[in-house]
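Counting from 70, one number per residue, gives the positions in the sequence shown under the working numbering.
C-beta: ideal position from N, C-alpha, C; glycine also.
To start, the structure under review is shown below, and the notes come after it.
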Amino acid sequence: MASELIKKARAKKNKHFDENIELALENVEQRIIADAEKGKSKTYIGFNSPGSNDLTVETMAKKYTDKFIESILDHFNLNKHQIEKIHNSRFLPSHIVGFEILWGEEYE
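Structure follows, in structure tokens:
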């Protein structure tokens with residue numbers, strides 16, 4: 070499932086809102102492949118990783134959450150229900166700390 074997802078994404082020509090998004094999407098592809106190799110069917114993208122810079126998935130996700138999610142949905146041809154925002158209700162109910170990409174067959 071993951072390899073088909075990546076093949077479709079790479080074959081598709083997309084225009085994204087920022088040049089950095091291409092690098093971030095490549096990183097997301099690598100994370101999906103790594104998670105698939107571990108037998109997982111979803112990939113977590115968190116915002117708080119040490120050493121983040123403008124080209125990391127974490128920074129793109131935190132800085133442009135909704136646009137980044139739209140780009141992921143478009144890039145991988147996923148449906149909106151295949152992205153789950155993760156909230157940290159301990160501090161603020163609306164505080165988003167990351168999201169999961171639900172790419173496995175059971176989420177289609």
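Check, Outcome
"With DSSP collapsed to three states, give me the class of tyrosine 176.", "helix"
"Check the C-beta distance from leucine 142 over to isoleucine 155 and give it rounded, since I have them as a contact under 8 Å.", "Not a contact, Cβ separation roughly 16 Å."
"Going by other Cβ atoms of all chains shown within 10 Å of its Cβ, with 16 needed for buried, is glycine 167 buried or exposed?", "buried"
"Quick one: residues in its chain with C-beta nearer than 7 Å to the C-beta of glutamate 175, no 5 flanking neighbours on either side, listed in chain order?", "Ser110"
"Does the separation of the CB atoms of isoleucine 90 and tryptophan 172 fall below 9 Å?", "no"
"Could you tell me which residues DSSP puts in a beta bridge with tyrosine 180?", "Residue 180 lies beyond the stretch modelled for the chain, which goes from 70 to 177, so this question has no answer here."
"For threonine 134 versus isoleucine 170, is the C-beta distance shorter than 9 Å?", "no"
"Quick one: grab the DSSP three-state call for lysine 154.", "strand"
"Which value, in whole angstroms, describes the spacing of the CA atoms of phenylalanine 145 and asparagine 157?", "26 Å"
"Measuring straight from C-alpha to C-alpha, what distance separates proline 119 and lysine 107?", "Only weak support is given to the placement of proline 119: the predicted model assigns it a pLDDT of 49, under 50, and the value that follows is read from those uncertain coordinates. Answer to the nearest angstrom: the Cα atoms are 23 Å apart."
"State buried or exposed for serine 140, treating a residue as buried only when at least 16 other CB atoms are found within 10 Å of its CB.", "buried"
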